[in-house]
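For the record, in the sequence shown the residue sitting at position 50 is 49 according to numbering that gives the first Met the number 0, with numbers rising by one throughout. Beta carbons: idealized from backbone N, C-alpha and C, even for Gly. For clarity, every value in this text was computed on a predicted model and none was experimentally measured. Input: a single structure, listed below in structure tokens.
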Amino acid sequence: MDFNLPDDLREVQATIRDFMLSRVEPRAHEIEDSNSVPPELLKEAAGLGLFGLSIPEEYGGVGLGMLGRCAVYEALGQGHMGFGGVVSAHASIGTSGLVKLGTEEQKQRFLPRMASGECVAGFAITEPSSGSDAANIRTRAVKKDDVYVLNGTKHYISNAPIAGLLTVIAITDPARGSRGMSAFLVEPQSTPGVRVGKIDEKMGQKGALSAEVIFEDAEIPAANLLGPEHMGYREALGILTAGRVGIAARSTGAMQRLLDLSVAHAKTREQFGQPIAEFQAVQFMLAEMEIAVQTSRVLWQKVAWMVDEGQDVRRMASVAKYHATEALSQVADKAVQVAGGMGYMKDSPVERYYRDQRLLRIYEGTSEIQKIIIARDLLA
């Protein structure tokens, strides 16, 4: 076993980490105050290929495998998490369904604009009545001649306010329950009957916008059906499973950044005439943070490798997401403790990470759902 990333991936990872620390982080307060990412930063991100991570080269993308994408996601995690959320929601669950299931016509129509960042993507499955219980989706899609008529509401949809394309999961055969769902490619900004609601006001991850998406007799061309009819739920679960590996990688990057900030602070902050790094209590917290980083990194690397090898990762993707996001919550808490009063101040990146990381234990499957998946797979 070789636990070193290939040289080309390490170079890509270093480039993205430098971009996050030198270009995005200096504008973190601007993003927080305005709740928006400056367009020029998104343009720079597109120039670095961040919007085309999972898109094949023939459509203008970078075409990285899961290991490569997760290496980039870890680097994204070391900067502003809202910015990283915009990119990862697009490059992960927003894009992967079209890459995997799309017809050649669909790919030619959308993927080049998605790879360039011109068309930002999102994934719409969550509803007011169905969060963790995705099988309880109520949005209906009724076939009428050469269109599907959609009615229903999605909420908390990442990138919805800026999305040019959404993958929408809707019921096409109510009698079949979760086996009667289909996926559709919807252009929310140009489709009559599709309305994006007001931007959600969230605790953290500013700039990573989400909102309701309302469908009122929205006519979606039959040509925009993604994959086979009635297979949407199964494919949605596959998309979410792969996305969980990326969240584990982003969480690892966030932990690494918090550890780096904590070590630097411990070396320079003095109490009782000496750096607080000399105190065993602080040393123990730093050691525990390092353990969390290393175990989480090994987990996401293993699961990403499994994905690239074509293995079933349902259980292990949940293991990786659960471990990394729960570990990040502990690391963030310790980072605030090491920083002391400074870590509670809005000027501190530690305070921002403390707020931002909380969402990672909820979206794309709560921690409780991950434990259910793991246990059921063990018992199957």
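Considering only their Cβ atoms, is the gap separating residue j from residue i smaller than 9 Å?
| i | j | result |
| --- | --- | --- |
| alanine 88 | glycine 121 | yes |
| threonine 94 | leucine 63 | no |
| arginine 351 | alanine 74 | no |
| threonine 171 | isoleucine 92 | no |
| valine 141 | phenylalanine 82 | no |
| arginine 314 | isoleucine 371 | no |
| leucine 149 | phenylalanine 214 | yes |
| alanine 334 | serine 295 | no |
| alanine 134 | serine 250 | no |
| serine 181 | glycine 226 | yes |
| leucine 20 | glutamine 77 | yes |
| valine 119 | glutamate 218 | no |
| alanine 13 | glycine 116 | no |
| glycine 192 | aspartate 216 | yes |
| histidine 229 | arginine 175 | yes |
| glutamine 204 | arginine 354 | yes |
| glutamine 270 | phenylalanine 283 | no |
| glutamate 104 | alanine 222 | yes |
Under the rule that 16 or more other beta-carbon atoms within 10 Å means buried, what is residue i, buried or exposed?
| i | result |
| --- | --- |
| phenylalanine 18 | buried |
| serine 261 | buried |
| proline 348 | buried |
| glutamine 273 | exposed |
| phenylalanine 2 | exposed |
| arginine 178 | exposed |
| glycine 309 | exposed |
| alanine 338 | buried |
| proline 220 | exposed |
| arginine 375 | exposed |
| glutamate 126 | buried |
| proline 173 | exposed |
| proline 38 | exposed |
Excluding the 5 residues preceding and the 5 following residue i in the sequence, name in chain order all residues of the same chain whose CB lies nearer than 7 Å to its CB.
| i | result |
| --- | --- |
| lysine 197 | Ala210 |
| alanine 291 | Met254, Ala326, Gln329 and Val330 |
| serine 366 | Tyr321, Thr324, Glu325 and Arg360 |
| valine 306 | Met65, Ala241, Val244 and Val312 |
| tryptophan 299 | Cys69, Val244, Ala247, Ala248, Thr251, Ala319 and Ala323 |
| tyrosine 343 | Val335 and Glu350 |
Taking only the alpha-carbon atoms, compute the straight-line gap between residue i and residue j and give it to the nearest angstrom.
| i | j | result |
| --- | --- | --- |
| lysine 301 | glycine 245 | 12 Å |
| isoleucine 168 | arginine 243 | 18 Å |
| glutamine 356 | lysine 143 | 44 Å |
| leucine 8 | leucine 47 | 14 Å |
| glutamate 31 | lysine 266 | 28 Å |
| alanine 286 | arginine 22 | 30 Å |
| glycine 101 | isoleucine 275 | 56 Å |
| glutamine 336 | leucine 239 | 34 Å |
| alanine 303 | valine 185 | 29 Å |
| arginine 112 | alanine 159 | 17 Å |
| methionine 341 | arginine 268 | 11 Å |
| lysine 345 | leucine 378 | 46 Å |
| glutamate 10 | glycine 67 | 11 Å |
| leucine 40 | isoleucine 136 | 36 Å |
| alanine 235 | alanine 316 | 15 Å |
| alanine 162 | arginine 233 | 24 Å |
| alanine 263 | arginine 256 | 11 Å |
| glutamate 29 | glutamate 200 | 16 Å |
| leucine 4 | leucine 49 | 19 Å |
| valine 281 | methionine 202 | 28 Å |
| valine 297 | glycine 96 | 26 Å |
| aspartate 6 | tyrosine 72 | 17 Å |
| phenylalanine 183 | leucine 224 | 5 Å |
| glutamine 369 | leucine 358 | 15 Å |
| tyrosine 58 | methionine 0 | 33 Å |
| proline 187 | asparagine 34 | 21 Å |
Spell out whether any CB of chain C is found under 9 Å from the CB atom of residue i.
| i | result |
| --- | --- |
| glutamine 255 | The displayed structure is made up of one protein chain only, and chain C is not part of it. |
Within the same chain, show all residues whose beta-carbon is closer than 6 Å to that of residue i, passing over the 5 residues directly before and after it, in chain order.
| i | result |
| --- | --- |
| threonine 138 | Gly151 and Ala169 |
| glycine 60 | Gly51, Ile54 and Ala114 |
| alanine 207 | Gly81, Gly84 and Val85 |
| alanine 123 | Lys153, Ile156, Leu165, Val167 and Val212 |
| histidine 90 | This sequence places alanine at residue 90; histidine is not what is there. Around alanine 90: Leu52 and Ser53. |
| glycine 231 | Ile168, Met180, Ser181 and Ala182 |
Suppose the cutoff is 8 Å on Cβ atoms and the five residues either side in sequence are ignored; what does the same chain contact list for residue i look like?
| i | result |
| --- | --- |
| valine 98 | Ser53, Ile54, Pro55, Lys106 and Leu110 |
| leucine 258 | Leu285, Met288, Glu289, Val292, Val330 and Ala334 |
| serine 129 | Asn135, Ile136 and Arg137 |
| glycine 364 | Ser131, Leu239, Arg243, Ser317, Lys320 and Ile372 |
| glutamate 24 | Gly78, His79 and Pro348 |
| lysine 42 | Gly116 |
May I have a chain-ordered list of the beta strand (DSSP E) segments no shorter than 3 residues that lie completely inside the segment 171-258? Segments of the beta strand (DSSP E) lying fully in the segment 171-258: 180-185, 193-198 and 209-220.
Identify every run of the alpha helix (DSSP H) within the segment 300-340, keeping only runs that are complete inside it and at least 4 residues long; order them along the chain. You should have 313-338.
Uninterrupted beta strand (DSSP E) stretches inside the segment 85-149 (no shorter than 3 residues): Listed in chain order, the complete beta strand (DSSP E) runs (minimum 3 residues) inside the segment 85-149 are 119-123 and 139-143.
Uninterrupted alpha helix (DSSP H) stretches inside the segment 19-48 (no shorter than 4 residues): Runs found: 27-33 and 38-46.
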